[in-house]
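A short worksheet on the structure shown next.
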Amino acid sequence: MNDLNPTSTPAADAPVLLRVTDLKVHFARPGGGLLRKPEVVKAVDGMSFDVKKGSTLAIVGESGSGKTTSALAVMRLAPITEGTVRLGDTDLAKLSESQMRDERRRLQIIFQDPYSSLNPRQRIGDAVRAPLDLMKIGTPAERDARVDELFRQVGLRPEQKHLFPHQFSGGQRQRINIARALATNPELVVCDEPVSALDIAIRAQILNLLVELQKKLGLTYLFISHDMAVVEHICDEIAVMYLGQIVERAPRKAFFGQPLHPYSVALMSAVPDLRGGRARAAARIKLSGDPPSPIAPPPGCRFAGRCPVAEPECAQALPPLVEVQKDHWVRCRRVEVVNGLAVAPLALPEIPAAALAA
Amino acid sequence: MTTPLLHVDNLQVEFKTRKGKALVLNGVDFELNAGETLCIVGESGCGKSMTALALLGLIPSPPGRVRDGRIVFNGENLLQATPARLREVRGNRISMIFQEPMTSLNPVFSVGDQIGESLRLHRGLDKAAARAQAIEMLRQVGIPAPERRVDEYPHQLSGGMRQRVMIAIALACQPDILIADEPTTALDVTVQAQIFDLLRELQREKGTAIILITHDMGAVSEMADRVIVMYAGRVIEQGSTAQVVNQPRHPYTQGLIECLPELGSSQHGARADLPEIAGVVPSIWELGTGCAFRERCPHAHARCASEVPPLIADGSGHTAACWLLEEAAHAAPALAA
């Protein structure tokens, strides 16, 4: 249980499974009466990323940053306003509803809340079997065998098939959700905050299960979370979103070794950690205010209004997402490259060694 | 030793259910000193929120009932107080912030009315004075343009602002004790950081004692002076933050701390599996005799199944309810010190 199984990091030359290009999801809000004009909520506003086969891309950001909407758009569960979503060779954005139905078996989702995402009146075996029935995969006997196999894979017993969701704890329900998501042998699994509703002791069990299944089945994860420690544990690459756009994208080690965007740095510094305690809290970078509205985002850098190192120029034009080091992309005009090394305009605060050593 | 501000002694709360009586708090003891922050941690269902409700006399009754124990606040046993006396204490001397700032504010009253309510009730202020004081409270919790915000309704505020309003309501009468039940669970981390800063700052200024209920060990480490760990309705470990976080003694606390993904894990070597605590919290009907953690405990032995371990002290104020500690003390008294 505690042994150090190094996870095989997917080879750098693994093929790209999911390529999202310039994705936009805009929601129209109709006007009301004479005074309120129709408005457009730009939930996701030009987002591009690749996910390599067998790897995990984590999308992090605060509520309202568009991380869940972008994942739902990849699943075609939110309307795509513009852009392409390529899964292998197929552009999901262009498919008709019925074509999409056939592709659904290739991508599945695990939802955040294990309580509301299972039908309380459906036996859990039927819930896991439902995707197989709906997509007409295999014969009925094969489907039964598949459900048993899935139950074992996620650490449940096949004889529990006949029970109802209320007879299970949150962690077990999340195992049922995982089994259901894996039923059709998907290539891509979207995990939308899969552990944030669970108790800490159960979180570790589910995270370990997800890692184990990825290794065994070669799954590709799009992992949505706001918990930086969980993300650091599970991801191979990370994308940080702010107000509908990616502000930084990098491989795991590079990002957590040196986050470059001031927002990423502030986000990292806001996480309360076991080590550091009050010294850490005292050294924290303080962000004031709330993010601006996605209806009328400011013209320049969207973070400029809250950024501790913003300059007047930052508010004038939206900076592009630039590759400042190999595979490390950042959307900030204040990040400089000196002798081939990127320099962050805002450094993570130093925490006194004494506080960490304790 | 000074008398603590609050002393909870052998608190037992039971609920009547169809299956019989469920003892959800089984002899909870702790003390809270003036001006300190005490964190109560544990998994859902361990009794942490129930403890908070009991302190305020808010156990839903029936079906709930305090079966035994004492809650002594400033020398007065609140369990024997009349409902009228409890109303004087609640929201005035002891107040509470709830987890969900959306559902715990009333959507049809302005925030000014809601902050002013306790001032009018407890302090006898008139409407104008209460409004003025409400504006002052909004300013203190860091809400910009309080003169305008005071007349706004909860739906006009963001989640972080609503939680600030909750804090303003709770602190309006300058209580001695503020109970915060997972006050930041519904908020983003950057907003959580703001709320924690605010709580620390207000505590420094006003000397309010805080009971923070949380399951986030990171939050414990940056907020708490002392920590109580609860499991299945009992306190299983308590001590200073440094003691509990750095040298946890109960196997459950040890597991709880080990199983956390750590910031910085990407920088040292390959990814390892997280240590797990096997199994789940037993249901209240499965407790039986002995230590409630024994089924999940890597060190459980015969005695754990037959006798409930008491809190065993080490002389430095750090106690844990585990038989291993007693055996360690017998085997090598020097080690226990």
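Listed in order, the protein sequences are those of chains W and Y.
So in my numbering, spot 51 of the first sequence is number 42, and the numbers just go up one at a time.
Throughout, my numbering is defined as the position within the second sequence, counted from one, plus 689.
Even for Gly, the Cβ is constructed at its ideal location relative to N, Cα and C.
Glu239 (chain W) sits buried, since 16 or more C-beta atoms from the chains shown fall within 10 Å of its C-beta. Cβ atoms of Ile276 (chain W) and Asp183 (chain W) stay farther apart than 8 Å, at about 28 Å.
Secondary structure in the region 24 to 94 of chain W: the alpha helix (DSSP H) runs of 4 residues or longer, each lying completely within the stretch, are 58 to 65 and 88 to 94 in chain order.
Residue-level contact by beta carbon holds for Pro950 (chain Y) and chain W, with a gap shorter than 9 Å.
Around the beta carbon of Asp227 (chain W), 16 or more other beta carbons lie within 10 angstroms, which makes this residue buried. Short of 8 Å from the beta carbon of Ala1010 (chain Y), and not among the five residues preceding or following it, lie these beta carbons of its own chain, in chain order: Arg923, Val924, Ile925, Glu926, His939, Cys980, Val997, Pro998, Pro999, Leu1000 and Ile1001.
Below the 8 Å Cβ cutoff, chain Y contributes Val878 and Leu952 as neighbours of Met219 (chain W), in chain order. For Gln956 (chain Y), the neighbours in chain W by C-beta distance under 8 Å run, in chain order, Lys244, Phe247 and Gly248. In the structure shown, the three-state DSSP call for Ser284 (chain W) is coil. Taken in chain order, the complete beta strand (DSSP E) segments of 3 or more residues contained in the region 154 to 239 of chain W are 179 to 183, 211 to 216 and 228 to 233. Counting along the chain, the unbroken beta strand (DSSP E) around Met919 (chain Y) starts and ends at Arg915 to Tyr920. Nearest in C-alpha terms to Lys816 (chain Y), of all of Y:Leu827, Y:Asp802 and Y:Met826, is Y:Asp802. Taking a Cβ-Cβ cut-off of 8 Å, Arg240 (chain W) has no neighbours in chain Y, whose nearest Cβ is about 15 Å from it. Taken atom to atom, the span from the alpha-carbon of Val854 (chain Y) to that of Ile824 (chain Y) is near 11 Å.
Runs of beta strand (DSSP E) with 3 or more residues, each lying fully within the region 297 to 340 of chain W, are found at 313 to 316, 319 to 321, 327 to 329 and 332 to 334, listed in chain order. In this structure, the CA atom of Glu951 (chain Y) is about 25 Å from the CA atom of Arg889 (chain Y).
Not flagged as an interface residue toward chain W: Phe787 (chain Y), since no C-beta distance is shorter than 9 Å.
Measuring C-alpha to C-alpha distances from Phe18 (chain W) to each of W:Arg77, W:Pro156 and W:Ser61 identifies W:Ser61 as the nearest.
Neighbours of Gly944 (chain Y) in chain W, taken as residues at a C-beta separation under 7 Å, are given in chain order as Ala192. At a C-beta separation below 7 Å, Ser160 (chain W) has these neighbours in chain Y: Val969. In the DSSP assignment, Val933 (chain Y) falls within the alpha helix (DSSP H) that extends over Thr930 to Asn935. Close to chain Y, meaning a Cβ-Cβ distance shorter than 7 Å, are the following residues of the region 50 to 71 of chain W: Glu53 and Ser54. Within the region 697 to 730 of chain Y, no residue places its CB atom closer than 7 Å to a CB of chain W. Counting the other Cβ atoms within 10 Å of the Cβ of Trp320 (chain W) gives 16 or more, which makes it buried.
Cys948 (chain Y) places its beta carbon less than 9 Å from that of Ala192 (chain W). The Cβ-Cβ distance between Gln892 (chain Y) and Gly724 (chain Y) falls below 9 Å. Taking C-beta separations shorter than 8 Å and ignoring five residues to either side along the sequence, the partners of Glu178 (chain W) in its chain run Leu8, Lys44, Leu78, Gly79, Arg97, Leu98, Leu210 and Thr211, following chain order. For the pair Ser733 (chain Y) and Thr75 (chain W), the Cα-to-Cα distance works out to about 42 Å.
The three-state reading of DSSP puts Ala241 (chain W) in strand, counting E and B together.
In the displayed model, Asp264 (chain W) falls within coil according to three-state DSSP, outside both helix and strand. What Met906 (chain Y) touches in chain W, judged by beta-carbon distance under 8 Å, is Ile191 and Leu265, going in chain order. Of all residues in the region 924 to 940 of chain Y, only Thr930, Ala931, Val934 and Asn935 come within less than 9 Å of chain W when Cβ atoms are compared, listed by chain position. The residues Met38, Ser39, Phe40, Ala230, Val231, Leu312, Trp320 and Arg322, in chain order, have a CB closer than 8 Å to that of Ile237 (chain W) in the same chain once the five nearest residues on each side in sequence are set aside. If you draw a straight line from the Cα of Leu234 (chain W) to the Cα of Val119 (chain W), it comes to about 35 Å.
Distance between Gln163 (chain W) and Asp877 (chain Y), taken at the CA atoms: about 26 Å. Taking 9 Å as the threshold, the shortest C-beta distance from Asn199 (chain W) to chain Y falls below it.
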